[in-house]
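To convert a position in the sequence shown, counted from 1, into our numbering, add 224.
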Amino acid sequence: MTQPIVLYDIPGNDPQTLRWSPNSWKTRISLAYKGLPYKSAWVELPDIEPTCKKLGVPHTQLSPSGEPTYTVPFIYDPNTDRHVVESAAIAKYLDETYPDTPKLFPPGTDSFQHAFLNLAWPSIGRPLYFSGMLGCLRVLNPASQPFWRKSREGMFGKPLEEMATEESWNSFVAGLGKLKAALEANGSTGGFFMGETLTFADLQIAASLLWIKVVDGEVWDSIAGLHDGTWKNYLERFSGYISARESV
């Protein structure tokens, strides 16, 4: 019997916002889609680096000054005694380790998914990120709020309150329109990049929409009203995976 995988994540400050991180939502949906049992381990932002170092979890990137940066999500799989960090790497690990579950990187899709995640999506996701920056501060616990403000203001060189602008919103909406056209190129089949087949690229979109829905309902309402409800309907396709219960 498969033992529950442990997902390390940053908690929100009440039951409605407990699960808020877009990157962690990609892993939550990945696990639910594959039907793999899991449970959460909560780590406040200032505790991520010491927790990773204690567990031997590697850093995911370097800061502009060359310092290692440690991030969530990461998982611990007791079935293989392995830690895996970063949502796409986790999805690939799950594909390889649990081959009888549905694939998030089906054979032959790595290149197009890499192109979408690293070349196309940033032009949409980055402006959206600015719209939710202050909302993230509001849903975090007091232990994480100063870290969030300091790190994000240092990263972008302005107060959180000044990050969401009309220009960034218009850029996001324009990009979302192009994304809608790309998804509709398959015709009426499925609504995902591969029609009926779900891929990790689809999870990137869904997790980002779910994130903004959790951290800023007003922004989400604006998105839900775009393009004749396309994005509200898109997110609803994931409702079963979003509501899937963790292992006790």
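Virtual Cβ for every residue (Gly too), placed ideally from N, Cα, C.
All figures in this text were calculated on a predicted structure; none of them were measured in a lab.
Can you tell me which residues form a DSSP beta bridge with Asp233? As a first step, residue 233 is located in the sequence shown; it is residue number 9 there, counting from the start. Looking at the DSSP assignment, Asp233 forms a beta bridge with Trp266.
Taking the straight line between their C-alpha atoms, what separation do you get for Gly378 and Ser287? Within the sequence shown, numbered from 1, the residue matching residue 378 stands at position 154. Within the sequence shown, numbered from 1, the residue matching residue 287 stands at position 63. Taking the straight line joining both Cα atoms gives about 11 Å.
Inspect the beta-carbon positions of Ala430 and Tyr458 and report whether they are closer than 8 Å. Translated into positions along the sequence shown, residue 430 becomes position 206. Translated into positions along the sequence shown, residue 458 becomes position 234. The answer is yes: Cβ separation under 8 Å.
Going by DSSP, what residue range makes up the beta strand (DSSP E) through Val309? For the purposes of this step, residue 309 is taken as the residue at position 85 of the sequence shown. Where Val309 is concerned, the enclosing beta strand (DSSP E) stretches over 306–309.
Cβ pair count under 8 Å reaching 3, the segment 307–324 against the segment 271–291: yes
Separation of Thr304 from Tyr322, as counted between CA atoms: Residue 322 sits at position 98 when you count from the first residue of the sequence shown. Residue 304 sits at position 80 when you count from the first residue of the sequence shown. Distance between the alpha carbons of Tyr322 and Thr304 is about 11 Å.
Nearest-angstrom Cα distance between Val443 and Lys374? Position 219 of the sequence shown, counting from 1, holds the residue named residue 443. Position 150 of the sequence shown, counting from 1, holds the residue named residue 374. For Val443 and Lys374, the distance between alpha carbons rounds to 23 Å.
For the segment 228–239 and the segment 262–273, state whether three or more C-beta atom pairs, one from each stretch, are separated by less than 8 Å. yes
Give the DSSP bridge partners of Met357, in chain order. Sequence index remark: in the sequence shown, residue 357 carries index 133 (1-based). Met357 is not bridged to any residue.
Less than 8 Å between C-beta atoms, sequence neighbours within five positions excluded: which residues of the same chain meet that for Pro302? Residue numbering aside, residue 302 sits at position 78 when the sequence shown is read from its first letter. Cβ neighbours of Pro302 beyond the five flanking positions: Gln227, Pro228, Ile229, Val230.
Per DSSP, the bridge partner or partners of Val274: The residue labelled residue 274 in the question sits at position 50 within the sequence shown. The displayed chain sequence assigns Pro, not Val, to residue 274. Looking at the DSSP assignment, Pro274 forms no beta bridge with any residue, so it has no partner.
Member of Trp345, Lys327, Leu361, Gly401 whose CA lies at the smallest distance from the CA of Met387: Counting from one through the sequence shown, the residue named residue 387 turns up at place 163. Nearest C-alpha to Met387: Leu361.
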